[in-house]
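Enquirer:
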Amino acid sequence: MPGTRTRTLTSALPLALAVVGTLATAVPAAQAAPDRAAPDRAAPDRAAPDRAGAHHSRTSQCRGQGVDASARIRYRSDVVIKAPLSTVWKLQTDVERWPSWQQPVLTAERLDTGRLGKGSRFRWTTPAPATPTTPATTLEITSTVRQLQRGACVLWSGPAVGQGLRIDEGVHLWTFTEVKGGVRVHTEETWTGAQVEADVPTATAALGAGLEAWLHDLKTTAEHRRK
Numbered sequence: 106m107p108g109t110r111t112r113t114l115t116s117a118l119p120l121a122l123a124v125v126g127t128l129a130t131a132v133p134a135a136q137a138a139p140d141r142a143a144p145d146r147a148a149p150d151r152a153a154p155d156r157a158g159a160h161h162s163r164t165s166q167c168r169g170q171g172v173d174a175s176a177r178i179r180y181r182s183d184v185v186i187k188a189p190l191s192t193v194w195k196l197q198t199d200v201e202r203w204p205s206w207q208q209p210v211l212t213a214e215r216l217d218t219g220r221l222g223k224g225s226r227f228r229w230t231t232p233a234p235a236t237p238t239t240p241a242t243t244l245e246i247t248s249t250v251r252q253l254q255r256g257a258c259v260l261w262s263g264p265a266v267g268q269g270l271r272i273d274e275g276v277h278l279w280t281f282t283e284v285k286g287g288v289r290v291h292t293e294e295t296w297t298g299a300q301v302e303a304d305v306p307t308a309t310a311a312l313g314a315g316l317e318a319w320l321h322d323l324k325t326t327a328e329h330r331r332k
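Numbering-wise (our numbering), the sequence shown opens with residue 106 and increments by one.
(1) Find out if the Cβ-Cβ distance for the pair VAL288, LEU196 is shorter than 8 Å.
(2) Taking Cβ to Cβ, would you say TRP229 is nearer than 8 Å to THR243?
(3) I believe VAL193 touches ALA327 by the beta-carbon criterion, under 8 Å. Please report the beta-carbon distance rounded to the nearest angstrom.
(4) Using 7 Å as the cut-off, classify the Cβ of GLN252 as near or not near the heavy atoms of the ligand HEM, replying yes or no.
(5) For THR198, which three-state DSSP category applies?
(6) Out of CYS167, SER182, PHE281, point me to the one whose CA is closest to GLY315's CA.
(7) Please give me, in chain order, every unbroken run of the beta strand (DSSP E) with length at least 3 that falls completely inside the stretch 218-277.
(8) Going by C-alpha to C-alpha distance, which of GLY275, LEU320, ALA265 sits closest to THR295?
(9) Of the choices ALA299, ALA233, ARG220, THR247, whose alpha-carbon is the least far from that of PHE227?
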């Protein structure tokens, strides 16, 4: 949109390509401190160096591809979900049902048919409330699956565009590893674009909040379905 690439961000950017909009009131501090009440959560990693003892290294990939190594805005985190891998995988890859368990996702549609796989495309929308520098809007995100290994990993990327708000490209990686008692889910994402890069700390905080909320919703839903 005209002017969006040069607009600076002066308050907490209320979005994450993962989960946007309602996070402004839901989890504003999730990126700043780990969830100490959840013992099966690994501490989130906001910077490039990995935390000591982290399950995943900096080179997490899906079939040889990962997030944008040159991106200035990045975040990664893990959670252990006490549910079968099949349950977790189905929830995460059944894109059209995302709105049923992720409140920030308003709509989600596949742009092709068949099982989700490399080259699959989907479009989803999510609200972004107003900030001092951006109007309230609905972001439309068009994602393309770049790599997928069933039951193990998925990598997608694409832009998020709304009136007065834009991320040129978000690259989002998910990996799934069976562990004792459940599944360790690892996620990491990068953003690029002049608007979000105008305030890297704020954009990183928003991204982190979104990913933490997504992991929380995935864990809660999967473990509930197991009962």
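A virtual CB, placed ideally from N, CA and C, is assigned to each residue, including glycine.
Expert: So, from the data block:
(1) Residue 288 sits at position 183 when you count from the first residue of the sequence shown. Residue 196 sits at position 91 when you count from the first residue of the sequence shown. For the pair VAL288 and LEU196, the CB atoms are not nearer than the 8 Å cut-off.
(2) Here residue 229 refers to the residue found at position 124 of the sequence shown. Here residue 243 refers to the residue found at position 138 of the sequence shown. Cβ atoms of TRP229 and THR243: not closer than 8 Å.
(3) To locate residue 193, count along the sequence shown from 1; it is residue 88. To locate residue 327, count along the sequence shown from 1; it is residue 222. With 8 Å as the limit, VAL193 and ALA327 qualify as a contact, their Cβ atoms being about 5 Å apart.
(4) The ligand content of the structure shown is nil, which means the ligand HEM is not present either.
(5) The count along the sequence shown starts at 1 and reaches residue 198 at position 93. THR198: helix per DSSP, three-state reduction.
(6) Locating residue 315 in the sequence shown gives position 210, where the first residue counts as 1. Residue SER182 is the option with its Cα nearest to GLY315.
(7) 226-233, 242-254, 258-267
(8) Here residue 295 refers to the residue found at position 190 of the sequence shown. Here the closest residue by C-alpha is GLY275.
(9) Within the sequence shown, residue 227 is the residue found at index 122, counting from 1. Nearest C-alpha to PHE227: THR247.
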